[in-house]
Amino acid sequence: IAGKGVANPLATILSAAMMLRYSLQQPDAADRIESAVRSVLAAGLRTADIWSEGTRKVGTREMGDAVVAAITTITKQS
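Residue numbers (our numbering): 4 to 81.
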């Protein structure tokens, strides 16, 4: 699937949140990432592997960009 834009980046993104929380003692940063992922999923975005009727199928880049945008929004609100 490399280079095809069909990989789900959420596990990697959430792994970074775990690293921040448990290895780097940065729970606030981890919370922002986890909240951003929840927000994107609540908005209905899904990669092909977790897509279901009533949600919007997106590629790897669009999912990652949506999480970054949500983190930015959450950070500005804090």
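The beta-carbon is built from N, C-alpha and C at its ideal position, and this holds for glycine as well. On a predicted model such as this, the values are computed, not experimentally measured, just so you know.
For this session: From the DSSP output, in three-state form, read off Lys-7 for me.
Result: coil
Exercise. Count the other CB atoms within 10 Å of the CB of Val-40; is the residue buried (16 or more) or exposed (fewer)?
Worked result: buried
Exercise. Sorted by chain position, which residues of the same chain lie with C-beta nearer than 8 Å to Lys-60's C-beta, five sequence neighbours on each side aside?
Worked result: Arg-49, Thr-50, Ala-51, Trp-54
For this session: Just mark Leu-27 as buried or exposed, buried being the case when its beta carbon has 16 or more other beta carbons within 10 Å.
Result: exposed
For this session: Return yes when the Cβ of Ile-77 is within less than 9 Å of the Cβ of Ser-42, no when it is not.
Result: yes
Exercise. Would you call Ala-5 buried or exposed, if buried means 16 or more other Cβ atoms sit within 10 Å of its Cβ?
Worked result: exposed
For this session: Please name the residue, chosen from Gly-8, Lys-7, Arg-35, that lies closest to Ala-19 on a Cα-to-Cα basis.
Result: Arg-35
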